[in-house]
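These notes are about the structure you will find just below.
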Amino acid sequence: MKGNIQEKEKRIRPDGVEKVTGKIKYLTDLSFPNMLVGKVLRSEYPHAKILSINTEKAKQIPGVHAVITHEDIPAMNGFGLVTPDQPVFCVDRVRYIGDAIAAVAAESLESAEEALRCIEVKYEPLEVLDSPEKALHPDAIKLHPQGNICHKASYKKGNVEEAFKQCTYIIEETYELPRQMHGFIETEGGVFVPDEDGGITVFAGTQHGFKDRFQLSRILGIPETKIRVISSPMGGSFGGKDELNIQPYGSLLALKTGRPVKIHNTRVESVRAGIKRHPMKITMKTGVDANGKLLAHKVNIVADKGAYTTLGPAVLDFAVEHAAGPYMIPNIDTEGVLVFTNNGMSGEFRGFGGNQVTFALEGQLDRLAERLQMDPIELRRKNLRKETDLGPVGQMIAPTDGASLVLEGVSKLMNTNRKQQDEQPWIFKGTGIAIGMHGGGLGKGRIDHAGGRLSLAKDGKIEISFGFEECGQGLVAVIENLTISELGCGKDDIRIVISDTDRVPISGSSTASRSTNMVWQSLKRLKEPFMKMLYEEAAELLKLPEDEMTLGVGGIWLKGRSDGPCITYEEMARKSENELSYTTNFHFPITPTPDAIPGAHFLYTFGGIKVDVEVNGLTGKVIVTSIDHVISAGPVVSPNGYVGQIEGGGVMSLGYTLLEEAKMIDGKYASENFDTYLMPNIVDVPFDTNVYAIEELAEGDEYGPRGVGEIGTIAIIPAIAKAVHDATGLWINKLPISPEELLNHMEQKGMIPWVLNKM
Amino acid sequence: MGIKQDVKLEMSALHYENLMTLSVRINDEKVEVKVPPTLSLAVILRNYFQLTGTKIACGIGRCGACSILLDDELVNACLVMAYQANGKSITTIEGLSKLSLDEVQEAFLKQGGYQCGYCTPGMIMAVKAMFDRNPHPQESDIEEALAGNLCRCTGYGGILRAVKYVMNQKHY
């Protein structure tokens, strides 16, 4: 089964030409007259008391215009998407190696760096809680007033202990997953431009401009109306720029100095201060009867939060929700705990806890299949949800047969590419499959507004506006394609307006695989009223019947005519005295189940995957030689974008499985740059990758194309682990897969006899 | 092109005593600029000439976002100091397309060889350098030529398709 996605329209992405020519200005490329450079002083210790901060010497450095600390914050000294418990500047204590203590603005980078060196901070180091185990110890020092537990989440159904007694086989295993860097190529940064009446324009990448505006307002003590946030284009985010990062410092420095200030993190600064994927330790005990029916599933998740909350609780909720995935298990007991530590901060990251928990879940299924001596696909098939079954936490969800569609898609792939060769006896080949599901939107109990606007601008362009950001995911192509197909106008007739809080409506965040879906739903709501508005206006101007009109390329056409529009958009905009604009506001669809657990989702996407690997018996290195994705997420809106999101997500998780770990030693990052933190490069990926889209939705589905930003990152992790098992017999329960562990295993099993011969 | 005198964020007061005259050709235009001799070429291109297509993402030559051609050799501009570039000829992404797009740029556009676009200038320069040197690259040649350029968005699928598209267009 080859990939089935074609660029039918041959439409070039709206931001394409300026990207391939290097002309596009990212926000970190901007310059303004009289601009200063800003730098942030971060903590020297992962955990310490601050005894004193002296900025006098720093202020004397030539070219330095401001040195600020917590004393210079006009309003709230804190930020955080869920709970604002992260200090903008620390007052008397630092809790992680990225904590900010002071910031400077200077005329040159060197002056700024010299000033940072001259800030005298006296610390009294405290014990470093560098693991959840240490932080959960009853005698552990409290990192926050409420203690070291940031959040707990659970879901229970039936009685697992009773059900385990009925099980023929039980697998209990603990899976350990590491901290992963987002690795966006553009580090955090931007320019902060004060205006004359005390307001500020913030040019800095984020995934929700309005949320940044709200958070900055609380810090700066100025009303949101005086803050304008320009939030994209961005050189990647993947969740990593969702939370505030350098924005508070740039804004404070700009307001203090009255001059534009640019901050652009170096990679090392980005690694130290920025959020990462939550490391998790997941224990699963899963029982099955003799026929392969799953009976009981007990899950315990311990996640390392790092020092502050950001969006961590939602990530844990997501992991708890997806702990049973697409399988119907009558007895479930899932508990999760999110623990504050002095490690680097964890937070929102593409996949959002689903990656970790799906690795564990699919690992359980594969181990059970082996115990049952059953085909792993057959075991999955026996337990899979049906179209109208409830969701993974017993909530009502939009009907979908995606789980079985992707499983059957994957099963068709299993007979292909199965080749063994003997020429290199030290190469062991294996194949693995896995499936996963992923909820879209923020979920039950969360404000999740959406909306958009269609307007005829004064210059005759049809403006389609959303409060979304272009992180690289290709949202502008989605907006363009959907607008053209819904309205019937031409590519040159429209102008896309996004990521500017002064010009866009509320659309919610560019996160949670929600934007594509929300653009589609917005257009469904905008289309008729906006068209009607234009037809009425044209009818009035031309004295022609509006029911004979239709939107087309260049303007409004009379039905059945092919000789050109009866009025062009430009002419209409010029002649019309009315404001031709329509805005829609609505909420992301949520489950109607009233007592569903917090964050439970209503719309899901599904992904299945097959990978082939080669394990090298000489080096223990694993190479993935082919990747086949089967995705069920509704219609493909933007073909290149769809393929890119799935392939790119897959490779990001290939990195998580085989290469990447942002290891901490005593609360400090062991790797601070790409020399020692290895992300996949072109050598690590197979030339042979296929993405197969299942576009059909359940009959009567009215929710449209789902977002595919995350689903490609999920199932590949357990699939690679299973392929390695297939090749070597080693069950993987810790990522990234360790070549040493593989070599030891292969040696013990006598798979690499030349090693034994030497001994 | 022109030098912006008001944007010298990387220059220090310490360096004013110690400037060299850097004389280079950038994208076929001869330019001279006074800079600290050890200042990185990537910074000079970005801050003195506003050629911001060249990106700095790791600063240590591991990501390739600053890839440019220096006397037709692919280099990481972040690792080249001003004095090392003196008298040489530089091609940046901005110099690749004159009247129309280069075939590599066309291929990236059509095949989805980019998403966020931040690695794209460097990646395109690396592909360009590969084809300049070897019009018939095998898979292993492509891997070697592009191994120094990280892309976090595409998973390299679109980039590989763009490379193959260039090869097919030329009927190699």
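Heads up: the sequence lines are chains G and B, in that order. Our numbering puts the first residue of the first sequence at 6, with every later residue one more than the last. Our numbering puts the first residue of the second sequence at 2, with every later residue one more than the last. Glycine is no exception: its CB is placed at the ideal position from the N, C-alpha and C atoms.
For residue i: DSSP bridge partner residues
i, result
"HIS137(B)", "Answer is none; HIS137(B) lacks a bridge partner."
"MET289(G)", "GLU178(G) and VAL304(G)"
"ARG458(G)", "SER470(G) and THR588(G)"
"THR39(B)", "Answer is none; THR39(B) lacks a bridge partner."
"THR53(B)", "BP columns for THR53(B) are empty, so no partner."
First through last residue of the beta strand (DSSP E) which encompasses residue i
i, result
"TYR160(G)", "154–162"
"VAL34(B)", "30–36"
"TYR128(G)", "125–130"
"GLU619(G)", "608–621"
"PRO199(G)", "194–199"
"ASN48(B)", "First-last for ASN48(B): undefined, no H or E at that position."
Supposed contact pair residue j and residue i - C-beta distance, whole angstroms, cut 8 angstroms
i, j, result
"ASP731(G)", "GLY437(G)", "6 angstroms"
"ILE160(B)", "GLY114(B)", "5 angstroms"
"LEU366(G)", "LEU377(G)", "The Cβ separation is near 16 angstroms, so there is no contact."
"GLY103(G)", "GLY255(G)", "Between GLY255(G) and GLY103(G) the Cβ distance is about 16 angstroms, and since that is not below 8 angstroms, they are no contact."
"SER631(G)", "PRO691(G)", "5 angstroms"
"ILE725(G)", "THR662(G)", "5 angstroms"
"ARG89(B)", "LEU75(B)", "Here residue 89(B) is Lys; the residue named in the question, Arg, does not match the sequence. About 13 angstroms; that fails the 8 angstroms criterion."
"SER637(G)", "PHE607(G)", "Between PHE607(G) and SER637(G) the Cβ distance is about 16 angstroms, and since that is not below 8 angstroms, they are no contact."
"ASP90(G)", "ILE55(G)", "Contact flag wrong, Cβ pair sits at about 17 angstroms."
"VAL151(B)", "MET684(G)", "Checking the sequence, you will find Leu at residue 151(B) rather than Val. The pair is a contact, with the Cβ atoms about 6 angstroms apart (cut-off 8 angstroms)."
Among the options, nearest to residue i - alpha-carbon criterion
i, options, result
"ASP617(G)", "SER116(G), THR733(G) and ARG458(G)", "THR733(G)"
"SER520(G)", "ALA544(G), PRO710(G) and GLY435(G)", "PRO710(G)"
"ALA319(G)", "ALA308(G), GLU485(G) and PRO397(G)", "ALA308(G)"
"MET40(G)", "VAL25(G), PRO19(G) and VAL69(G)", "VAL69(G)"
"ASP247(G)", "ILE205(G), ILE235(G) and GLN212(G)", "GLN212(G)"
"THR74(G)", "ILE66(G), ARG47(G) and ALA53(G)", "ARG47(G)"
"GLY341(G)", "THR315(G), GLU353(G) and LYS310(G)", "LYS310(G)"
"GLU18(B)", "GLU30(B), PRO37(B), ASN28(B) and ILE27(B)", "PRO37(B)"
"PHE197(G)", "LYS261(G), LYS170(G), PRO150(G) and MET751(G)", "LYS261(G)"
"ILE337(G)", "PHE84(G), VAL293(G) and TYR682(G)", "VAL293(G)"
"ILE268(G)", "GLY622(G), GLN185(G), ILE306(G) and ALA117(G)", "ALA117(G)"
"GLU575(G)", "GLU677(G), ALA543(G) and VAL109(G)", "ALA543(G)"
Listed by chain order, chain G residues near residue i by CB distance under 7 angstroms
i, result
"CYS64(B)", "ILE190 and PHE679"
"PRO122(B)", "GLY27"
"TYR115(B)", "LYS24 and VAL25"
"PHE132(B)", "Result: empty, since nearest Cβ-Cβ is about 15 angstroms, beyond 7 angstroms."
"CYS59(B)", "ARG272, ASN678 and PHE679"
Endpoints, the alpha helix (DSSP H) within which residue i is located
i, result
"ALA163(B)", "158–170"
"GLU367(G)", "359–377"
"TRP525(G)", "520–547"
"PRO381(G)", "381–388"
"VAL276(G)", "272–278"
"VAL22(G)", "21–25"
"GLY68(G)", "Looking at the DSSP string, GLY68(G) is not in any alpha helix (DSSP H), and its letter there is neither H nor E."
"HIS750(G)", "744–753"
"PRO79(G)", "PRO79(G) -> no alpha helix (DSSP H), and no H or E assigned at all."
"ASP600(G)", "Unbroken run through ASP600(G): none, as it is neither H nor E."
Chain-ordered neighbours of residue i on chain B, where CB pairs are closer than 9 angstroms
i, result
"MET285(G)", "Residues of chain B passing the Cβ test: none, with the nearest at roughly 22 angstroms."
"VAL45(G)", "Under the 9 angstroms cutoff, chain B gives no residues; its nearest Cβ is about 16 angstroms from VAL45(G)."
Beta-carbon neighbours of residue i, restricted to chain B and to distances below 7 angstroms
i, result
"GLU652(G)", "THR155, GLY156 and GLY158"
"CYS476(G)", "CYS117"
"GLY655(G)", "GLY156"
"MET81(G)", "Residues of chain B passing the Cβ test: none, with the nearest at roughly 30 angstroms."
"PHE692(G)", "GLU140 and LEU161"
Neighbour list for residue i in chain G, Cβ cutoff strictly below 8 angstroms
i, result
"ALA148(B)", "ASN686, ILE687 and VAL688"
"SER98(B)", "THR26"
"LEU70(B)", "Under the 8 angstroms cutoff, chain G gives no residues; its nearest Cβ is about 13 angstroms from LEU70(B)."
"GLU144(B)", "ILE687 and VAL688"
Proximal residues of chain G, C-beta to C-beta of residue i below 9 angstroms
i, result
"GLY88(B)", "What GLY88(B) touches in chain G: nothing, since even the nearest Cβ is about 24 angstroms away."
"LEU42(B)", "Result: empty, since nearest Cβ-Cβ is about 15 angstroms, beyond 9 angstroms."
"LYS95(B)", "In the sequence on display, residue 95(B) carries Glu and not Lys. Near GLU95(B) (Cβ distances below 9 angstroms), the residues of chain G are THR26, GLY27 and LYS28."
Within chain B, the residues that residue i reaches when beta carbons sit closer than 8 angstroms
i, result
"ASN645(G)", "GLN112, GLY113 and GLY159"
"VAL342(G)", "In chain order: nothing, as chain B lies at least about 31 angstroms away."
Short CB-CB distance (under 9 angstroms) between residue i and chain A
i, result
"LEU151(B)", "As a matter of chain content, chain A is missing from the structure shown, whose protein chains are G and B."
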